[in-house]
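In full-length UniProt numbering, the protein residues as written are 1 to 271.
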C-alpha cells in the first residue's frame, strides 16, 4: 500500500459507476429518487444521528438503503458533514485509512473531503492516510449518491476500516461525532452466499445482536462490514444509545436467486 503522511489535491474517481449504480447523472438521480419514493413519509426517522445501510448494487439493496436514508429527507442544509465508515473488500488493511485525495467524484458531482476533520483524526493510533484501500472500494462510494441527493452542501470524511479493534473504531467515532451538523453512516451488508432459509436465520440473529449492541457476536460471517459495525455498537453501548431496525431482506427477495443470497438491513441510531 502507498501510505503517506500527507494529503493531496487529486480526486478519487468513481470505481463502480455503471456497475453498482447507473453511470450517468440523470439515470443515477432518478434511481435514487425512485428508491426514496418507495418509503412512505410516516416511516421517517429524522432524529437518527447515525444509520447502518447496505452497499450492494442498487437493484439488490437500493430500497433497503433508502429506508435508512429516508428519515433524512427533510433535514436539508443544516447537515454540513457526513462521516462514512465502510469495510475494505479488496485490500488487506491493518487499522483504518483516510484518503489522501481532496474529493470523491460520482456522476452527481464532487464531494470535498473534510480536511479539518481529517487532520483531527490522522494521528490517532491505527489511522493511516492511504489512497490504496479507497481506490476500488465500493462500500463508501455507493452511499454518496444518496447523500448527494439529500444534502445540497456537505463535506465528507470517508474511512475504510480494515482489521481494527472495536475500541479503536469507537475512539475515532468519538472524535468525529460532532453536533447536529454531522451525520454518521456505517456501510455493511449482512450474511453472504447462504441459501435463503439459512440466510434469514443468520441475519435474524445478527439483527438481534445489533439491536442489543452485542458487538462481540458479529464477525465476518454475520456482516462484511463487521469492523466498522462493531465499533458503532461499542460506542452506542458506552453512551447508552439506541439502535432500531428499519428494514431487512436479502437478494433473494429483490433481484437474485435463492440458493446463494446476500443479506441487507437498515438501522437507525438515536443520539
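Idealized CB from N, CA, C, for every residue including glycine. Keep in mind the model is a prediction, meaning the values are calculated, not measured.
Exposed or buried, which one is residue i when buried takes at least 16 other CB atoms within 10 Å?
| i | result |
| --- | --- |
| residue 193 | exposed |
| residue 219 | exposed |
| residue 204 | exposed |
| residue 222 | buried |
| residue 212 | exposed |
| residue 269 | buried |
| residue 197 | exposed |
| residue 208 | exposed |
| residue 92 | exposed |
| residue 26 | exposed |
| residue 42 | exposed |
| residue 5 | exposed |
| residue 141 | buried |
| residue 272 | The structure shown does not extend to residue 272, since the chain spans only 1 to 271, so no value can be given for it. |
| residue 201 | exposed |
| residue 143 | buried |
| residue 30 | exposed |
| residue 10 | exposed |
| residue 19 | exposed |
| residue 263 | buried |
| residue 183 | buried |
| residue 240 | exposed |
Any idea what DSSP makes of residue i, helix, strand or coil?
| i | result |
| --- | --- |
| residue 168 | helix |
| residue 200 | helix |
| residue 35 | helix |
| residue 61 | helix |
| residue 181 | coil |
| residue 218 | coil |
| residue 262 | strand |
| residue 189 | coil |
| residue 29 | helix |
| residue 175 | helix |
| residue 156 | strand |
| residue 272 | The structure shown does not extend to residue 272, since the chain spans only 1 to 271, so no value can be given for it. |
| residue 268 | strand |
| residue 15 | coil |
| residue 42 | helix |
| residue 66 | helix |
| residue 56 | coil |
Report yes if the C-beta of residue i is less than 8 angstroms from at least one heavy atom of the ligand FAD; otherwise report no.
| i | result |
| --- | --- |
| residue 203 | Absence of the ligand FAD from the depicted structure is noted, as is the absence of any ligand whatsoever, leaving it without description. |
Taking the C-alpha atoms as reference points, what is the distance between residue i and residue j?
| i | j | result |
| --- | --- | --- |
| residue 36 | residue 24 | 18 angstroms |
| residue 164 | residue 94 | 6 angstroms |
| residue 162 | residue 189 | 15 angstroms |
| residue 199 | residue 243 | 22 angstroms |
| residue 257 | residue 64 | 18 angstroms |
| residue 248 | residue 229 | 16 angstroms |
| residue 136 | residue 8 | 18 angstroms |
| residue 167 | residue 22 | 37 angstroms |
| residue 83 | residue 13 | 19 angstroms |
| residue 271 | residue 195 | 36 angstroms |
| residue 283 | residue 131 | Because the chain spans 1 through 271 in this model, residue 283 falls outside it and cannot be assessed. |
| residue 160 | residue 191 | 20 angstroms |
| residue 115 | residue 97 | 14 angstroms |
| residue 80 | residue 181 | 5 angstroms |
| residue 39 | residue 32 | 12 angstroms |
| residue 246 | residue 266 | 5 angstroms |
| residue 187 | residue 231 | 12 angstroms |
Checklist entry - Does the stretch 114–134 come close enough to the stretch 50–57 to have 3 or more Cβ pairs within less than 8 angstroms? => result no
Item to check | Touch test, the stretch 162–181 against the stretch 101–112, Cβ-Cβ under 8 angstroms, three pairs minimum | outcome: no
Next on the checklist: Please give me, in chain order, every unbroken run of the beta strand (DSSP E) with length at least 3 that falls completely inside the stretch 68–142.
Outcome noted: 81–87, 96–98, 103–106, 109–112, 127–130
Item to check | Three CB pairs or more closer than 8 angstroms across the stretch 229–242 and the stretch 157–171 | outcome: yes
Next on the checklist: For the pair the stretch 65–81 and the stretch 144–152, tell me if three or more CB-CB distances fall below 8 angstroms.
Outcome noted: yes
Item to check | Every unbroken beta strand (DSSP E) within the stretch 208–255, with a cutoff of 3 residues, ordered by chain | outcome: 242–250
Checklist entry - Hey, is the stretch 248–257 in contact with the stretch 98–107, meaning 3+ C-beta pairs nearer than 8 angstroms? => result no
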